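Undergrad:
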Ligand SMILES: [Zn+2]
């Protein structure tokens, strides 16, 4: 799965994408290659929320945190 994010690369201003495979979730820039990845298990630990007894995977909070990490690391 690959999704174009409505965010710009903090280093070069290029388009950012989010990609998920069976092990990792990553946010990366297609222009300069800046990238940050989390293991899915870690992402799930941070993102799964219990809302009225249903477990919800909150992608937006994962994207926010990955983007923050990208900004710090760039
Ligand atoms: Zn970039």
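Residue numbers (full-length UniProt numbering): 1 to 74. C-beta atoms are modelled at their ideal positions from N, C-alpha and C, and glycine is treated no differently. Computed from a predicted structure; not experimentally measured.
Going by C-alpha distance, which of 34, 38 and 21 is nearest residue 8?
TA: 34
Undergrad: Is DSSP giving residue 30 helix, strand or coil here?
TA: coil
Undergrad: Determine the direct distance from the alpha carbon of residue 51 to that of residue 25, and round the result to whole angstroms.
TA: 23 Å
Undergrad: By how many angstroms is the C-alpha of residue 47 removed from the C-alpha of residue 62?
TA: Cα to Cα, the separation comes out at about 6 Å.
Undergrad: Let's see if you can read the secondary structure: which residues bound the beta strand (DSSP E) around residue 46?
TA: Per DSSP, residue 46 lies in no beta strand (DSSP E); the unbroken alpha helix (DSSP H) holding it starts and ends at 40–47.
Undergrad: Can you name the start and end residues of the alpha helix (DSSP H) that residue 64 belongs to?
TA: 59–73
Undergrad: In terms of residue numbering, what span does the beta strand (DSSP E) encompassing residue 18 cover?
TA: 15–20
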